[in-house]
Amino acid sequence: MIVQKEFLNKLKDFGLNTYESKLWTALLSRGVSTAGELSDIANVPRSRSYDVLESLEKKGFIIMKLGKPIKYMA
Numbered sequence: 063m064i065v066q067k068e069f070l071n072k073l074k075d076f077g078l079n080t081y082e083s084k085l086w087t088a089l090l091s092r093g094v095s096t097a098g099e100l101s102d103i104a105n106v107p108r109s110r111s112y113d114v115l116e117s118l119e120k121k122g123f124i125i126m127k128l129g130k131p132i133k134y135m136a
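Each residue of the sequence shown is one higher than the last, beginning at 63 in my numbering.
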């Protein structure tokens with residue numbers, strides 16, 4: 063997924079780091095996704111996507127829908 067660097071830099075003003083910005087914009091484009099799908103789209107290592115998504119949830123940017131698999135919504 064291609065997102066302009068300028069937009070990603072603006073998200074830093076909201077307290078998001080690079081991985082958070084990439085995963086959040088990927089989730090915005092998809093609506094509902096799993097961590098694996100988002101990591102592939104956003105080019106974020108899958109091993110990092112889970113803790114980054116948890117951080118986004120704590121900051122109030124996303125909602126985690128429990129189940130198998132866990133789904134995330136923006």
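The beta-carbon is built from N, C-alpha and C at its ideal position, and this holds for glycine as well.
{"Query": "Beta-carbon spacing of residue 133, residue 106 below 9 Å", "Result": "no"}
{"Query": "Alpha carbon of residue 121 to alpha carbon of residue 130, nearest angstrom", "Result": "23 Å"}
{"Query": "Complete alpha helix (DSSP H) runs within the segment 77-104 (minimum length 4 residues, chain order)", "Result": "80-92 and 97-104"}
{"Query": "For residue 121, the residue or residues it bridges with in DSSP", "Result": "Paired residue(s): none; residue 121 is not in a bridge."}
{"Query": "Residues sharing a beta bridge with residue 133, DSSP", "Result": "127"}
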